[in-house]
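K.L.:
Okay, here's the structure, questions in a sec.
Shown next as structure tokens:
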């Protein structure tokens, strides 16, 4: 992959996965989610697509930076990146489409661990690529809190 191309292509892959997950979950998001009891800390609905778009771009740029360095662990960085993207994709259908709030929380926990592993592997190739994942880890922690509260308030 050409270096510059990967800086566009990989964020687009991540954004596409997020977009497809949203499309797959849209009905539950619009018809069920508004009826659920939520944490007082739940941001307005417009915040979620904005934050996720930024995070998808950062995760794509991070992988592109690691691939550019061609350091040891590049293949494992790509594999972990794909695994976390799959877990990321799965969360929205679990939560919104199927209302499996407990399974969504488990998925989110696995996702957080995968992103932590990805960050550690990225750090071997590019410290900046790893630092770009910190907002993702923080947001997933907050999302985990929100998921937990919704599950507790909506048994």
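In the working numbering, the protein residues as written are 1051 to 1205. Glycine residues also receive a C-beta, built at the ideal position from the N, C-alpha and C atoms. The model shown is predicted, which means the values in this text are computed figures rather than measured ones.
#1: Which value, in whole angstroms, describes the spacing of the CA atoms of residue 1157 and residue 1106?
#2: So, helix, strand or coil for residue 1092, using DSSP?
#3: Ordered along the chain, which non-local residues of its own chain (more than five positions away) have a Cβ less than 6 Å from that of residue 1175?
#4: Keeping to the same chain, check which residues put their C-beta closer than 6 Å to that of residue 1145; ignore five residues upstream and five downstream.
#5: Within the same chain, show all residues whose beta-carbon is closer than 7 Å to that of residue 1190, passing over the 5 residues directly before and after it, in chain order.
#6: Measure the C-alpha to C-alpha separation of residue 1053 and residue 1081 and round it to an integer number of angstroms.
#7: Taking residue 1119 as part of the alpha helix (DSSP H), name the residues at either end of that continuous run.
#8: Out of 1101, 1140, 1114 and 1089, which has the shortest C-alpha to C-alpha gap to residue 1055?
#9: Using 10 angstroms around the beta-carbon of residue 1066, count the other beta-carbons present and answer buried if the total reaches 16, otherwise exposed.
#10: Hey, how far is the Cα of residue 1111 from the Cα of residue 1060?
#11: Residue 1057 lies in the alpha helix (DSSP H); which residues open and close that run?
P.N.:
So, from the listed chains and residues:
#1: 18 Å
#2: coil
#3: 1116, 1119 and 1121
#4: 1154
#5: 1158, 1161, 1162 and 1165
#6: 42 Å
#7: 1097 to 1119
#8: Among 1101, 1140, 1114 and 1089, the Cα nearest to that of residue 1055 is on 1114.
#9: exposed
#10: 7 Å
#11: 1053 to 1081
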